[in-house]
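For reference, the structure is listed below as structure tokens.
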Amino acid sequence: MGTVLEMRYAAAIALICALSACGNQTDSLGGTDVAKALFSATTARATGTAPGNSLGLTRQALEQVLTPVQLATIDQRGQQALLGELEVNQDVVTWSTLDDVTVSFRNGVIVATRGLGNDLMAAAGPAVQGRSGTVNRVYTHLNGEDQPVRRTFACTVLPRGTETIEIIEIAYVTSRVSERCTSGDLTFQNDFWLSSDQKMRKSRQWISEDVGFLTIEDLRR
Amino acid sequence: MTIPRLTGVAVALVLMGAASASAETRPTLNLYGGTGLIDMPSAEMQPDGILSGTTSHFGPISRTTLSFQITPRLSGSFRFLGIRDWNQRFCPPNCSGVNRFDTYYDRSFDLRYQVFDEGRYRPALAIGLQDFVGTGVIAGEYIVATKHVTPDLKVSAGLGWGRLGSYKPIGSPLGDRPPLDVGKGGNFNFDQWFRGPAAPFAGIEWQVNDQWTAKAEYSSDAYREESALRGTFDRRSPLNFGIEYQRNDSLRFGAYYMYGSEVGIAAHFILNPKKRAGGGIVTSAPDAVARRPSRGADPEAWSTTWLGDSETQEGLRARLAQRLEKDGVQVESVRFEGSTAHVRIRNLTNDAEAQAVGRTARAMTRVVPAAVEQFVIVPVVNGMPVSQVVLSRSDLEALEFDTQAAEKLLSRAQILSAPAFLNDGLRDPQAYPKFTWALGPTARLRVFDQNSPFKIAVGAELRGRYEITPGLVLSGAVTKHVLSNLDDRPPLPDRNGLHPVRSANYFYDRDGDPALDNLSLTYYTKLAPEVYGRVSLGYLERMYGGLSTEVLWMPTERRWAIGAELNYVAQRSPNQRLGFKLPLEMFETDGCSPNFATAACGARDSYRVVTGHVSGYYKFDNDFQVQVDVGRYLAGDVGATLSLKREFDNGWRVGAFVTKTNVSAEEFGSGSFDKGITIEIPFASLLGKPSTRTQSTLLRPFGRDGGQRLSVEGRLYDEVRGYQKDGLTEQWGRFWK
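For the protein sequence lines, the chains are A and B, in the order given.
Counted from 1, the first sequence has number 147 at position 133 by the working numbering; the numbering is strictly sequential.
Counted from 1, the second sequence has number 955 at position 696 by the working numbering; the numbering is strictly sequential.
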């Protein structure tokens with residue numbers, strides 16, 4: 015009888031905890047988490063969708079927001095979030111989402127991200143200029159063994175002329191500048207849309223091999 | 260259908276010499292789980308660090324192999340082999356010796372060394388030893404060359420000895436092969452290597468595209484024992500053909516037509532410890548560094564009047580603790596001293612110790628008043644302050660977005676050993692006592708018994724941990740199986756006079772359900788700035804209970820450490836409750852009926868032993884770590900263990916160990932001496948989320964009673980080393996993450 019009860023008890027607990035380990039341990043990741051992760055790693059493939067407006071933002075709603083806001087889109091994952099200004103360290107401004115992802119900018123160019131996985135640890139380079147030519151941009155990432163990998167990309171600046179873009183119901187006349195950057199086998203292209211007052215209205219910038227590109231749109235008027 | 264034996268090789272070699280294509284194909288694995296063609300090896304290597312598992316089957320033959328690229332030029336494999344229909348021609352009537360097995364199981368080790376890699380005109384060249392320590396049933400040696408003819412077509416050709424020289428040999432270039440003296444297995448068969456008849460083999464591999472590969476080979480393996488002698492399958496041709504499909508970086512499948520008569524299949528699982536699934540650990544963003552205003556702009560912020568105010572300081576401590584909670588860092592105490600702030604922390608979730616330190620430093624820039632310039636962060640493990648990381652706040656402010664932030668900060672920081680006794684400062688009154696518990700799934704495996712290679716039980720484990728004061732911990736775990744086939748009785752070979760210190764594990768598997776896995780009280784303390792101590796009392800592990808004591812001398816700046824452990828333990832009852840009485844049946848073997856009165860089979864109703872070791876640890880520059888333990892083992896035998904591990908900076912460890920004691924090979928039984936393979940995989944790598952936990956796997960081809968150690972939790976070296984200078988700096992890049 016005792017054994018039967020014991021077994022039922024164990025089975026019930028096993029059922030409760032089958033999908034996620036229970037407990038009050040801060041570090042409560044368990045075997046099932048590992049199994050789930052391995053399963054998703056072998057079956058799932060990230061599907062990309064084009065940046066849109068998945069948050070249902072309207073200009074009317076944005077008028078109620080008094081602090082500066084930017085919209086960030088992870089192109090590859092189609093995920094969107096609003097960014098609010100968090101901290102300034104000299105010429106770098108760090109913005110944060112509500113769920114603790116941060117993006118740091120120097121003159122509108124992304125110099126760091128945190129909370130995205132394979133983050134951009136740091137970057138250095140000049141402000142975006144409308145003149146054709148070449149600039150160097152330095153990117154630091156961590157490899158799979160957590161060692162910093164610092165790469166210098168040679169970027170060809172390509173002025174693309176005037177483009178009218180729309181950001182939540184407002185059209186802006188901008189000049190678009192592309193930078194095609196190469197280091198070894200790796201090539202990517204960043205795009206920047208600057209308004210006539212040299213404000214960065216929109217940009218699409220490379221973060222890392224795994225994260226891909228981040229599109230940033232300035233939602234201020 | 261046979262190719263004239265030398266022409267094929269000659270053609271291959273001519274092709275190689277003529278070609279100058281560079282290697283652009285993937286090095287693939289063969290049915291032995293090593294890099295190669297189908298049944299034959301090639302001279303290629305996997306990328307450094309690759310860990311692969313292969314399961315392959317053709318006809319009556321099944322092989323399951325674990326391979327590791329130990330260094331860029333050296334690889335090793337451990338294999339479990341099964342041959343069905345083994346005794347069909349002999350039993351009955353002759354069912355003795357090896358003929359008693361319907362399916363013959365064996366284990367084997369391989370090593371392979373690449374002498375040079377492929378050049379423009381030069382082929383890669385490798386030499387290999389297959390099954391070089393075992394019973395030598397599949398023993399063979401080879402020398403092989405591989406060259407790309409076009410960027411996606413490569414040719415391999417080589418010469419094999421042993422079983423790889425058994426089909427149409429060309430003579431014995433290096434002399435005769437002496438008969439094999441198997442003994443109990445496990446010995447190096449030096450005098451056999453590269454002796455006896457040698458035969459050529461060759462093959463081509465065409466990588467059609469990124470997914471598909473076609474292979475064809477001429478095998479020099481006659482399968483004399485399996486085919487001609489035992490008739491387990493019909494070997495009609497030396498030619499094998501196959502196609503393989505690469506599903507993604509970690510999964511590959513193959514289908515083959517083998518030896519003119521059999522169909523074969525294989526699956527390969529490939530893990531790269533140097534790469535994380537999904538690219539990186541996903542953590543919430545850390546606090547942004549807050550730069551202080553200049554003294555001129557805000558003199559108020561630079562005031563030091565708060566230094567005398569314990570209430571303000573208590574408020575600072577609480578704010579810091581609250582900030583760090585989401586980062587998995589617990590603030591144990593804070594102390595302010597002039598322009599220095601000392602913070603003692605405990606890392607709860609960060610797989611990279613440096614990340615816990617980095618997040619503490621960032622949070623401090625937001626909480627600590629401007630007048631404090633120096634941060635001293637002390638990681639504490641089980642109440643023992645390990646090291647102190649001394650940082651200048653100005654550096655944190657200046658380097659936050661520097662592309663060389665990690666290197667620059669490390670060169671300016673100091674990592675020192677922490678004193679044994681620290682001035683407490685302001686403690687968190689809530690930090691102790693602390694109770695944590697977890698209920699999760701658990702599994703127990705029993706592999707490589709002679710009847711079936713794989714047995715498993717799955718169930719639930721309830722763990723609890725009660726930290727009474729810093730360093731004093733009561734911990735325990737209870738397990739209950741839900742599904743299990745561990746109750747199947749395996750063969751129980753004779754123990755040759757040794758007490759069943761481990762080999763009665765079948766009885767522990769069968770009777771210990773539910774089981775009190777462990778329940779012990781442990782006290783950790785730092786005895787001197789570089790000396791740590793531990794005392795554990797209770798049910799230390801599933802088979803032993805008693806007292807365990809340990810000291811470790813581990814200088815912060817050095818690569819070595821020395822430790823000593825002394826234990827007095829009694830063997831627990833197989834039911835794994837509270838008792839220490841040993842039942843008669845656990846002494847039973849296939850050839851012996853136990854009796855307490857006559858002490859037949861060495862039966863006794865209790866077992867106590869003093870066991871202990873002196874251990875030396877050394878971490879080499881190149882990520883290899885060696886440990887030597889000398890002492891007395893559980894069976895009272897005296898000897899030494901040598902362990903060698905490849906340690907990746909992100910926490911993966913792959914290693915092997917051997918133990919030799921004064922238990923002779925005869926007494927030890929199958930395998931001659933204790934040895935095994937260890938694999939440790941950090942959860943963080945698998946999940947892409949921070950976790951301090953690690954999945955450890957130990958593979959022992961023969962689990963016997965000689966050379967067995969107590970398995971006590973919380974051994975000091977592994978507890979402490981991550982917070983030493985080396986442990987903190989190997990993942991220092993994570994300081995800024």
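Yeah, the Cβ is synthetic: ideal placement off N, Cα and C, and Gly gets one too.
N- and C-terminal bounds of the beta strand (DSSP E) containing residue i
i                : result
SER186 (chain A) : Just to set this straight, residue 186 (chain A) is Tyr in the shown sequence, not Ser. First-last of the beta strand (DSSP E) with TYR186 (chain A): 184 to 197.
ASP977 (chain B) : Where ASP977 (chain B) is concerned, there is no enclosing beta strand (DSSP E), although the alpha helix (DSSP H) it sits in stretches over 975 to 979.
VAL590 (chain B) : 588 to 596
LEU333 (chain B) : 333 to 342
ALA126 (chain A) : 123 to 128
ALA915 (chain B) : 912 to 920
GLU720 (chain B) : 713 to 728
ASP776 (chain B) : 774 to 787
GLN884 (chain B) : 883 to 891
Contacts that residue i makes with chain B (C-beta to C-beta distance below 8 Å)
i                : result
LEU100 (chain A) : ALA547
GLN104 (chain A) : ARG550
ARG190 (chain A) : Those within 8 Å of ARG190 (chain A) in chain B number zero; the least Cβ separation is about 26 Å.
Interface partners of residue i on chain B, CB under 9 Å
i                : result
GLN110 (chain A) : Just to set this straight, residue 110 (chain A) is Ser in the shown sequence, not Gln. The contacting residues are ALA544, ALA547.
VAL123 (chain A) : Per Cβ cutoff of 9 Å: no residues; VAL123 (chain A) is ~11 Å from chain B at best.
SER222 (chain A) : GLY538, GLY539
Whole-angstrom C-beta distance between residue j and residue i, which should lie under 8 Å
i                 : j                : result
ALA512 (chain B)  : ASN448 (chain B) : A small fix is needed here, since residue 512 (chain B) is Phe in this sequence, not Ala. Going by Cβ atoms, the distance from PHE512 (chain B) to ASN448 (chain B) rounds to 34 Å, so no, they are not a contact pair.
GLU1022 (chain B) : VAL640 (chain B) : Residue numbering for chain B in the displayed model covers 260 to 996; residue 1022 (chain B) lies beyond these limits and cannot be assessed.
VAL602 (chain B)  : LEU579 (chain B) : 7 Å
LEU384 (chain B)  : ALA302 (chain B) : 5 Å
THR324 (chain B)  : TRP345 (chain B) : Between TRP345 (chain B) and THR324 (chain B) the Cβ distance is about 20 Å, and since that is not below 8 Å, they are no contact.
Contacts around residue i, its chain only, beta-carbon distance under 8 Å, and the 5 residues preceding and following it disregarded
i                : result
GLY175 (chain A) : SER189, ARG190
LYS984 (chain B) : SER646, ILE674, THR815, GLU816
Cβ neighbours of residue i in the same chain (closer than 6 Å, five flanking residues each side left out)
i                : result
GLU223 (chain A) : none
PRO729 (chain B) : GLY642
LYS838 (chain B) : The sequence shown places Gly at residue 838 (chain B), not Lys. Cβ neighbours of GLY838 (chain B) beyond the five flanking positions: SER832.
GLY122 (chain A) : MET214
VAL885 (chain B) : TYR877, LEU903
LEU958 (chain B) : GLY935, ILE936
GLY226 (chain A) : ASP89, GLN90
LEU172 (chain A) : SER192
VAL760 (chain B) : LEU893, ALA894, ASP964, GLN967
PRO545 (chain B) : ARG618, ARG621
Per-residue contacts from residue i into chain A (C-beta, under 7 Å)
i                : result
PHE907 (chain B) : GLU159
GLU591 (chain B) : Near GLU591 (chain B) there are no residues of chain A at all, since even the closest Cβ is about 14 Å away, more than 7 Å.
ARG652 (chain B) : Residues of chain A passing the Cβ test: none, with the nearest at roughly 13 Å.
GLN990 (chain B) : ASP160
Same chain only: Cβ atoms within 7 Å of residue i, ignoring 5 sequence neighbours per side
i                : result
TRP995 (chain B) : GLY617, ALA664, ALA665
GLY986 (chain B) : GLU612, ARG980
ASP896 (chain B) : THR920, ASN921, VAL922, GLY965, GLY966
HIS155 (chain A) : ASN132, LEU134, MET135, VAL163, SER222
Proximal chain B residues relative to residue i, where beta-carbon distance stays under 7 Å
i               : result
PRO82 (chain A) : Correct list: empty, because the minimum Cβ distance to chain B is about 16 Å.
Where the alpha helix (DSSP H) containing residue i begins and where it ends
i                 : result
LEU1017 (chain B) : The requested residue 1017 (chain B) is not part of the displayed model; chain B covers only 260 to 996.
ASN764 (chain B)  : 764 to 770
LYS904 (chain B)  : Looking at the DSSP string, LYS904 (chain B) is not in any alpha helix (DSSP H); the run it does join, the beta strand (DSSP E), is 897 to 906.
PRO614 (chain B)  : Reading off the sequence, residue 614 (chain B) comes out as Gln, not Pro. It spans 612 to 626 - the alpha helix (DSSP H) in which GLN614 (chain B) sits, taken as one unbroken run.
ALA664 (chain B)  : 664 to 671
ALA544 (chain B)  : Here ALA544 (chain B) belongs to no alpha helix (DSSP H), and DSSP marks it neither H nor E.
SER944 (chain B)  : 942 to 946
Neighbouring residues, chain A, relative to residue i (Cβ below 9 Å)
i                : result
PRO661 (chain B) : Rather than Pro, the amino acid found at residue 661 (chain B) in this sequence is Asp. Correct list: ALA136, ALA138, THR154.
GLY996 (chain B) : In the sequence on display, residue 996 (chain B) carries Lys and not Gly. Here the neighbours are ARG128, ASP133, MET135, LEU156, ASP160.
Beta-carbon neighbours of residue i, restricted to chain A and to distances below 8 Å
i                : result
GLU656 (chain B) : ASN103
ARG993 (chain B) : LEU156, ASP160
Are the segment 900 to 916 of chain B and the segment 530 to 541 of chain B in contact at 8 Å, needing three or more beta carbon pairs?
The answer is yes - the segment 530 to 541 of chain B touches the segment 900 to 916 of chain B, with three or more Cβ pairs under 8 Å.
Touching by the beta-carbon criterion (3+ pairs, under 8 Å), the segment 460 to 474 of chain B and the segment 489 to 508 of chain B:
A contact between stretches requires three or more CB pairs, one per stretch, nearer than 8 Å, and the segment 460 to 474 of chain B meets this requirement with the segment 489 to 508 of chain B.
Taking three-plus beta-carbon pairs below 8 Å as touching, is the segment 847 to 860 of chain B in contact with the segment 747 to 764 of chain B?
With a cut-off of 8 Å, the segment 747 to 764 of chain B and the segment 847 to 860 of chain B count as touching, because enough Cβ pairs lie within range.
Contact between the segment 679 to 699 of chain B and the segment 715 to 730 of chain B (3+ Cβ pairs under 8 Å)
Yes, they touch.
Closer than 8 Å is the cut-off here; do at least three beta carbon pairs connect the segment 298 to 313 of chain B with the segment 398 to 415 of chain B?
Yes, since at least three Cβ pairs between the segment 298 to 313 of chain B and the segment 398 to 415 of chain B fall closer than 8 Å, the two stretches touch.
Say whether the segment 309 to 324 of chain B touches the segment 513 to 528 of chain B, bearing in mind that this needs 3 or more beta-carbon pairs closer than 8 Å, one atom from each stretch.
Yes, the segment 309 to 324 of chain B is in contact with the segment 513 to 528 of chain B.
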